[in-house]
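2 protein chains.
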Amino acid sequence: MKAEIIAVGSELLTPVRVDTNSLYLTQKLNQAGFEVHLKSVVGDSPDDIEALLRAALQRSRLIVLCGGLGPTEDDLTRTATARALERAVSIDERILEGLRRRFARRGYRMAKINERQAEVIEGAEILENTVGTAPGMWIEGKACLVLLPGPPRELKAVFEAHVMQRACRLGGGRRLEKRSLSLQGLPESEVDARIAPMYKKHASIQTTILAAKGVISVWLQQWLAPGEGSADLDALWSEIRAELGSMVFAAGDESLEEVVGKMLRDLGRTLAVAESCTSGLIGAAVTRVPGSSDYFLGGVQCYSNAVKTGLCGVPAALLEQHGAVSAETAEALARGIRAATGSSVGLSVTGIAGPGGGSDPKPVGLVFFGIADEERCTHERRIFPGDRDTIRDLATTYALGALRRFLMAGENRS
Amino acid sequence: MKAEIIAVGSELLTPVRVDTNSLYLTQKLNQAGFEVHLKSVVGDSPDDIEALLRAALQRSRLIVLCGGLGPTEDDLTRTATARALERAVSIDERILEGLRRRFARRGYRMAKINERQAEVIEGAEILENTVGTAPGMWIEGKACLVLLPGPPRELKAVFEAHVMQRACRLGGGRRLEKRSLSLQGLPESEVDARIAPMYKKHASIQTTILAAKGVISVWLQQWLAPGEGSADLDALWSEIRAELGSMVFAAGDESLEEVVGKMLRDLGRTLAVAESCTSGLIGAAVTRVPGSSDYFLGGVQCYSNAVKTGLCGVPAALLEQHGAVSAETAEALARGIRAATGSSVGLSVTGIAGPGGGSDPKPVGLVFFGIADEERCTHERRIFPGDRDTIRDLATTYALGALRRFLMAGENRS
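Structural data, given as structure tokens:
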């Protein structure tokens, strides 16, 4: 069951915009039993749209067109689709009335140009759009065709309300089953080397390894026929999970900050951070999680040495002797931020994000991490590759991973 | 001069990966005089690739194919392209030798499967890849065809070294000229309403308004013939800039944190931040700029009230009386962080990012900003729409914009 997605809009052919609707649509179409075998982006050109559609009608069972349903002269999807299908277009009085009411409610008279949003292709079912003006359309045939509005909020609303059930019916009960897990602390290549012997035994399971900001995700997916079970998929997932062991922090989509947050909450502990080279990234990540005020007290962006001394209590003599980027300073910061905030755990990062400031003994990318609680104080040293942004992102992820291991070790001991 | 881009790879048809190579390629092709009128993503299916290419050869002057040139069984671009062009494929001994040497340098013997990376399509010019194994190809004809490796680093290296000059020659001196500006503090719809009467007079100039995290960018672009000047484009840009006045913070791509950083450096002032609901986002943004240690001292993530009092010197009685989310607390935080760090300017943010914690008088999205220097202490109050992430991002941008206006007002006065 092949599906294809066509995004319409000249703005999607500029160097500054990327089509993201297709990611949402792909996920949904997979769930409904369709494989997306082709995606296209086409400008506001009726000839290009028509030609693309004529080709799509020959090769795909389901075609999803998004964008180009608005009121302006650029919005040509309806006309081009009707031409490709060789069907007529007419004004639907009920839609027109709805549009007029919508404008009236806001105290406007509807401009003439909006009438084209009431155009319906012969034989189409109208898919009501409750969050915008342009309705979608579902057109049955040898190939089924769906027209959806381009703004993501409207596209999702119309898809959920009207398209998903129709697509599932068309898909006939096939489904794409997925499993995933996330880990931190191993390079992508090592993960692949360790799990390739496992996934290569399963030709029907597609395995993808993704790396983003120091987090590695392993995705497994398999097409299942109606009634077919997922035993193979579950077995492979368990085998991979066992191989990667305690590096795995989530058996799904959970983020590292969510996992660490849950651990802190379950352990009844509080956290404060002292961030030099990351200067806020760790605090921002931890507080992305709603309810993080239950365990996160706050922190200091100790960018200058004066702030390291003044607010985090690092002795000036220690900074003088070992330098700001050192194991000693990292540990002193972790202890100091604990003391300054009264948190049970203190986490610190100090390093050289570049591009300047590196030297032979302390190169760009060198980062020290400190973690302290009432009993222990540890540090780790890492050298990260990449540019300033990359080093800061990798250090942020590494800090959260190190904190997770610190909390696990504490748990195991007690 | 029409170009189209075809990205090959089944992983680009999953819900987790998006093709970003085409953004880079579009920018380069535009500079070379080509309009990108179509982009496609196709899986590792030789039939789909061949069919797509046959259609592309009929409609585009230049076709850029990326991905699918690697050594594995999934890498089918070479074969499919040869079939679409009805040309033969043969092994190039020089490439083969280079591949063998590359493996030998790393102490490996080359596996047989890698030989397919030495396959060359009849009549193709080989484009050397100095950062990876698979070379690119340039194939002249009624339509010109370029084959590029998929990994972004390799794609860019091959394009810069070998494709750009060929594309410019083919483009014949046409070029897409661009202008842009960025502003903060006005909604997208108001920007459009104010500048639409200006840009609508210029049919040959394409105007795009983008909004991201509270920053609005206006992009103008116009195709110019060889030798044609950009007077119209420059005039429209100046007219728009004058209309939007002091809201415009950059006459190009500069970020708000870069602009504010330059102002601080030029004024010889230093900054410290006290962040409650943004908890690090402002400090992280300011320090994204290399060299920001010249003017940024650091800050406090004053997430809990205890940290607001303990590290930022906000009197407990003031917090008790007015609440953490109030104009009084915002001002006290701005003054307090100045005093705690010795900075010349203090900037604070305190608000309710949600989803919980809102009330009738203080709804989710309510944020107060405080700014203090040696002479002045001001605050602003805003209610932002959206979810937790959106509110925090909008508050971060707004804080930097407010700081910019504060510094400008100080400058004008002195």
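The listed protein sequences correspond, in order, to chains W and D.
The opening position of the first sequence corresponds to residue 860 in this note's numbering, with each subsequent residue numbered one higher.
The opening position of the second sequence corresponds to residue 860 in this note's numbering, with each subsequent residue numbered one higher.
Beta carbons: idealized from backbone N, C-alpha and C, even for Gly.
Since the model is a prediction, treat every value here as computed from it, not as a measurement.
ask   = Within this structure, are the beta carbons of D:Gly892 and D:Gly982 separated by less than 7 angstroms?
value = no
inquiry  = Pop quiz: W:Ala941 and W:Ile985 are said to be a contact at Cβ under 8 angstroms. What is the actual Cβ separation, rounded to whole angstroms?
reply    = About 15 angstroms separates the two Cβ atoms, so there is no contact after all.
key: Three CB pairs or more closer than 8 angstroms across the stretch 998 to 1016 of chain D and the stretch 1037 to 1046 of chain D   = no
inquiry  = Which residues of the stretch 902 to 924 of chain D have a Cβ closer than 8 angstroms to any Cβ of chain W? Give them in chain order.
reply    = Gly902, Ser904, Asp907, Ala910, Leu911, Ala914 and Arg918
ask   = Rounded to the nearest angstrom, how far is the Cβ of W:Arg1264 from that of W:Ala1231, given a contact under 8 angstroms?
value = Not quite, the Cβ-Cβ distance comes to about 14 angstroms (not below 8 angstroms), so this is no contact.
request  = Check W:Cys925 in the structure and name its three-state DSSP category.
outcome  = strand
task = Find the residues of chain B that neighbour D:Gly1139, judging by a C-beta separation of less than 9 angstroms, and give them in chain order.
result = The structure shown contains no chain B; the protein chains it does contain are W and D.
inquiry  = Against W:Ser899, what residues of chain D qualify as contacts under a CB-to-CB distance less than 8 angstroms, listed in chain order?
reply    = Leu897, Lys898, Ser899 and Val900
Proximal residues of chain D, C-beta to C-beta of W:Asn889 below 9 angstroms = Thr873 and Pro874
message = Per the DSSP calculation, W:Lys898 is bridged to which residue(s)?
response = W:Ile864 and D:Val900
Every unbroken alpha helix (DSSP H) within the stretch 921 to 990 of chain W, with a cutoff of 4 residues, ordered by chain = 936 to 944 and 952 to 964
message = Check whether chain D comes within 7 angstroms of W:Glu870, counting only Cβ atoms and requiring the distance to be less than that.
response = yes
query = D:Leu882 CB to nearest chain W CB: under 7 angstroms?
reply = yes
request  = For the stretch 1053 to 1087 of chain W, enumerate the residues whose C-beta is nearer than 9 angstroms to any C-beta of chain D, in chain order.
outcome  = Gln1065, Thr1067, Leu1069, Ser1076, Trp1078 and Gln1080
is_contact[W:Pro1289, chain D] using C-beta, thresh 7 angstroms = What is shown of chain W runs 860 to 1273, which leaves residue 1289 of chain W out entirely.
task = Identify the continuous alpha helix (DSSP H) that holds W:Leu1006 and give its terminal residues.
result = Unbroken run through W:Leu1006 is the beta strand (DSSP E), Cys1003 to Leu1007; no alpha helix (DSSP H).
task = Using three-state DSSP, classify D:Ala1133 as helix, strand or coil.
result = strand
message = Less than 7 angstroms between C-beta atoms, sequence neighbours within five positions excluded: which residues of the same chain meet that for D:Val1208?
response = Glu1134, Ser1135, Cys1136, Thr1137, Ile1141, Val1226, Phe1228, Ala1254 and Ala1258
inquiry  = My assumption, with CB atoms under 8 angstroms, is that W:Leu872 sits in contact with D:His896. Please give the rounded CB distance.
reply    = 7 angstroms
query = How many Å lie between W:Val1166 and D:Leu1156 at the Cα?
reply = 7 angstroms
query = Would the stretch 1158 to 1165 of chain D and the stretch 1145 to 1156 of chain W be scored as touching if the rule is three or more Cβ pairs under 8 angstroms?
reply = yes
query = Is the shortest distance between the beta-carbon of D:Ser1163 and the beta-carbons of chain W less than 7 angstroms?
reply = yes
task = Please list the residues of the stretch 1236 to 1259 of chain W that have a C-beta atom closer than 7 angstroms to any C-beta atom in chain D, keeping them in chain order.
result = Arg1247 and Asp1248
message = What would DSSP say about D:Ser1203, mapped onto helix, strand or coil?
response = coil
key: Partner residues on chain W for D:Val1050, Cβ-Cβ distance less than 8 angstroms   = Result: empty, since nearest Cβ-Cβ is about 16 angstroms, beyond 8 angstroms.
ask   = Any residues in the stretch 1175 to 1204 of chain D with a beta carbon nearer than 7 angstroms to a beta carbon of chain W? Which ones, in chain order?
value = Ala1199, Thr1200 and Gly1201
request  = Measure the CB-CB distance between W:Ile1099 and W:Ile1068 and report whether it falls below 7 angstroms.
outcome  = no
inquiry  = Just to make sure I have the definition right: I need the residues of chain D whose C-beta is within less than 9 angstroms of the C-beta of W:Gly1215. Which are they?
reply    = Pro1149 and Gly1150
ask   = By DSSP, does W:Ile1211 sit in helix, in strand, or in coil?
value = coil
task = Just the chain D side, please: which residues come within less than 8 angstroms of W:Thr885 by C-beta, in chain order?
result = Leu872, Thr873 and Pro874
task = Determine the DSSP secondary structure at W:Glu1113, reduced to helix, strand or coil.
result = coil
ask   = Between W:Asp903, W:Leu955 and W:Gln976, which lies nearest to W:Leu928 when the distance is taken from Cα to Cα?
value = W:Gln976
query = At a CB-CB cut-off below 7 angstroms, which residues of chain W make contact with D:Val1166?
reply = Leu1156, Gly1157 and Thr1200
ask   = Are the CB atoms of W:Glu1239 and W:Ala1261 nearer to each other than 7 angstroms?
value = yes
Assigned secondary structure, W:Ala1189 (DSSP; H/G/I helix, E/B strand, else coil) = helix
request  = Throw me the rounded Cβ distance for the D:Asp903 and D:Leu935 pair, which I believe falls under 8 angstroms.
outcome  = 6 angstroms
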